[in-house]
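First residue of the sequence shown? That's 48 in our numbering, and the numbers climb one at a time after it.
Here a beta-carbon is modelled for each residue, glycine too, at the ideal position from N, C-alpha and C.
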Amino acid sequence: MNSENITVDVLISGCGPVGLFFGYLMARRGHSIYIVDKKSGPTTQSRALVVTARVLEVLESEGIVHHLLKNANVIGGTQLYWGKSK
C-alpha cells in the first residue's frame, strides 16, 4: 500500500459480505468509496454459509439476487441437533 492521500465519500473497513454490499450500494448511489481489509487478497473460505429469506429480498430489491443464486448451493431444508437429543 502506498502513502498517497485520497479523498472519498465513504471509507469501508472490512471486505466481507456486508462491507462489499454496503460499498456496492454507496457506489451505485454516486458516492466514491474505498474499502480496506486486513487481508491482502480474497479468501478461499466462505463468509456467507447461510443466506436468509430477508437477505434474498434485499438483494432482489437491488436487482442483483440472480448473481448470488447462479453460484449458490440451494438446500431445501435442514435439521439441527444439539448434544445427544434429536
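Listed in chain order, the non-local C-beta contacts of aspartate 56 below 8 Å within the same chain comprise Met73, His78, Ser79 and Ile80, local neighbours out to five positions each way being set aside. Beta-bridge partners of valine 83 (DSSP): Ser60.
Ranked by how close their Cα comes to the Cα of asparagine 120, the residues Gly63, Gly70, Val98 and Val102 have Val98 in first place. Segment contact: the segment 82-91 against the segment 106-119, fewer than three CB-CB distances shorter than 8 Å; contact not assigned.
Annotated as proximal: isoleucine 82 and glycine 66, with beta-carbon spacing under 8 Å.
If you look at serine 108, you'll find it in the alpha helix (DSSP H) that goes 100-108.
Excluding its 5 nearest sequence neighbours in each direction, lysine 86 has C-beta neighbours in its own chain below 8 Å: Cys62, listed in chain order. Across the structure, valine 102 and lysine 117 are spaced so that their CA atoms are roughly 16 Å apart.
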